[in-house]
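Here the structure is laid out as structure tokens; the discussion comes afterwards.
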Amino acid sequence: MAKNFYDENMDSSPLSLFRLSLQAVAKMMYEDHWFPYIGNPLPSEISDSLMVTLRLNNWLNNETMALFDKRFRLTEVHLSSCLLTVMPIGMLRMHPIKRLNIRDNSAGDSVRNLHNIFQLLGPHALTSLECIDISGTTAITCISSLAELKYLTTLIVSETPGFGDAELKMVCKEMRYMKVLDLSQTVITTVAPLCNLKDTLEVLVMHRLRFSRAVAINGITDTLRLLKKITYMDISDKKVDVLPN
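Residue numbers for the sequence shown, in this note's numbering: 10 to 254.
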């Protein structure tokens, strides 16, 4: 019994009361498909943490997602594209989503059309979204829809085959508030468009780029020198996580 009160990932230290409470509430939501009525929505810190707890325990499904109505205030959503297909229509539109993570390589039908995903989020997402992570989503389509997110500050597209030169040019032209950009293992052949982000870009990660052998890397040094706001850059052969877990 004692092991239920200790966290295996925290050097056997006792779980905090907050984390124990999250675990208990998330389990109730999963087993009973119920959450009590409350007068005011839960703060985003608690709402986001509950969703993370459900996800880490594999309790996040269409039934538990349906519970996240106006009693909650979600700002961060980490979902598989398959789950998006069974999500209650209009659920995400209730929340001011700031951070969206979609990472799924599973086979079969799933929502990987970015335009359709933005439709699920609602029109306010075009101004509320600050961070998008679609890394590793191999079948993502309509990447050009990113141009609608003019206030985005963080974009993670590593290991996304559909992201190439045209997409990079579009992103650098439309997203003038971009601070963090991860282009690792994409198929871009030039970094020249980054010049448009010289006054905002602070973090640039582009390890293991798959530059075409037929195309020389022209002016890469000159381009990088123009990025005067850069505080962190990774162009190595090692994979790093730009965002904290």
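Note that CB positions come from ideal geometry on N, CA and C, so glycine has one too.
Since we're looking at a predicted model, the values are computed, not measured.
Drop a sphere of 10 angstroms on the beta-carbon of residue i, count the other beta-carbons inside from all chains shown, and report buried for 16 or more, exposed for fewer.
i, result
"D191", "buried"
"M184", "buried"
"F172", "buried"
"R121", "buried"
"T230", "exposed"
"L65", "exposed"
"N254", "Its pLDDT being 47, under 50, N254 is placed unreliably in this model, and the coordinates cannot settle the point."
"F27", "exposed"
"I126", "buried"
"S25", "exposed"
"I47", "exposed"
"E168", "buried"
Which of helix, strand or coil does DSSP assign to residue i?
i, result
"M74", "helix"
"T163", "strand"
"I141", "strand"
"M38", "helix"
"M103", "helix"
"D246", "coil"
"D191", "strand"
"A223", "Bear in mind that the predicted position of A223 carries a pLDDT of just 41, short of 50, making it too unreliable to give a figure here."
"L218", "coil"
"L135", "helix"
"L31", "helix"
"L213", "strand"
Using CA atoms only, rank isn't needed, just tell me which of the options is closest to residue i.
i, options, result
"L158", "I141, A148, P105, T150", "I141"
"D78", "H87, L88, L65, M96", "M96"
"A134", "K207, F44, L206, H104", "H104"
"Y160", "T150, L26, T209, G99", "T209"
"L123", "T146, S137, T136, T198", "T146"
"D174", "P202, S154, E168", "P202"
"H216", "T163, P50, K237, S245", "S245"
"P170", "L130, T150, L164, Q32", "T150"
"Y186", "E211, L177, T198, I197", "E211"
"G99", "F81, L76, R80, L130", "L130"
"L63", "N49, E176, S30", "S30"
Who are the near neighbours of residue i in its chain, counting only those whose CB is closer than 6 Å to its CB and skipping five residues on each side?
i, result
"Y39", "W68, T73"
"N110", "H87, D142"
"V200", "I229, T232"
"V214", "D191, S193, D243, V251"
I need the boundaries of the alpha helix (DSSP H) containing residue i, first residue and last residue.
i, result
"N125", "123-130"
"R185", "Taken as a continuous stretch (DSSP letters only), R185 belongs to no alpha helix (DSSP H), as it is neither H nor E."
"D57", "53-65"
"D231", "229-235"
Excluding the 5 residues flanking residue i on each side, which residues of the same chain have their C-beta closer than 8 Å to its C-beta?
i, result
"D57", "L83, T84, E85"
"K207", "L235, L236, K237, K238"
"L76", "M38, H42, W43, F44"
For residue i, report the span of its beta strand (DSSP E) as first-last.
i, result
"R108", "108-111"
"L88", "85-88"
Leaving out the 5 sequence neighbours to the left and right, which residues in its chain are closer than 7 Å to residue i when beta-carbon positions are compared?
i, result
"V34", "L59"
"V166", "I143, S144, F172, D191, L192, T195"
"C204", "T232, L235"
"A156", "M179, E183"
Do residue i and the ligand MN come close, with the Cβ less than 8 Å from some heavy atom?
i, result
"P97", "In terms of ligand content, the structure shown is empty, and the ligand MN therefore cannot be addressed."
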